[in-house]
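Count along the sequence shown from 1, then add 39; that gives the number in the working numbering. We put the CB at the ideal spot given by N, CA and C, even for glycine. Source: prediction; values computed, not measured. First the structure, in the form of structure tokens, and then the observations on it.
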Amino acid sequence: MPINIALDGPVGAGKSTIADEVAARLSILHLDTGAMYRACAIGVLRSGLDPQDEAAATACCEGLQIDVGYEKGTQQTLLCGEDVTGLLRTPQVSAAASAVAKWPGVRRKMVKAQQELARTHDMLIDGRDIGTRVLPDAKVKIYLTASAEERARRRWLQLQQQGQNVPMEEVLSDLLARDRQDMNRETDPLRVAEGATIIDSTDLTQEETVEKILAVVEACYGKRG
Ligand code: DC
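Below you can see the structure in the form of structure tokens.
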């Protein structure tokens, strides 16, 4: 049985960075499932379709080939064979990803692909529905969260570092809108999975958060690495 660690939580909780670090320390892969929904969103936007249009967005996504590969342990996300890793993190793609991720047909396809990857690899998988839908039987489930203000502050810093000068109020209101969309959708909304350990990172450093997750993993699988 491969080692599978489910990591869920809202936008800006630091899942991606923390997951990269935890996976590296455990010498396992990190599957960023949000990147797969983002790649779908790029496909929909490129086709000139409205991500909020369920029928159009679902039909489009059903025709898209989404793959992930790894280069020196870092995930590359492919859309119909094109490496779109560098295009995933714009505000436009974020909003469109949250919209396409609402549609059951899109989720069905992504969940199946993610389950197949988890079946064959030792992985830490981060997303919104990993502990509830993708890997309900995972032995380790973590729900990583932080206050909305702290999450917005981290997102704002990240955007600044990428040269995107977005006002803080706009970052916070986008984040709250995505929270609403991710938590209130009908299919597999973001929630704390049964058996998950909740970690609130509002007042924790990155290292402290990593250590807390490693302690949960260690309690289950024993010391690794
Ligand atoms: O984690 P992220 O911000 O890159 O995710 C992008 C969007 O995809 C986000 O709005 C929620 C959605 N998502 C999801 O619904 N289920 C997942 N397993 C991962 C992401």
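In the three-state scheme derived from DSSP, where H, G and I count as helix and E and B as strand, Q91 is classed as coil. The three-state reading of DSSP puts D221 in helix, counting H, G and I together. Distance from the C-beta of T129 to the nearest heavy atom of the ligand DC is not below 6 Å. Here M207 is actually not in contact with A152; their C-beta atoms are around 36 Å apart, not less than 8 Å. T184 and E101 have their C-alpha atoms some 31 Å from each other. Straight through space, the alpha carbons of D92 and Q220 are spaced by roughly 15 Å.
In this structure, the beta-carbon distance from D165 to K54 falls below 7 Å. Distance from the C-beta of D213 to the nearest heavy atom of the ligand DC is not below 6 Å. Per DSSP, reduced to three states, the secondary structure at G53 is coil, with no helix or strand assignment. The continuous stretches of alpha helix (DSSP H) do not include T171, and DSSP gives it neither H nor E. Closest in C-alpha terms to A136, from the list V256, Q199 and D89, comes D89.
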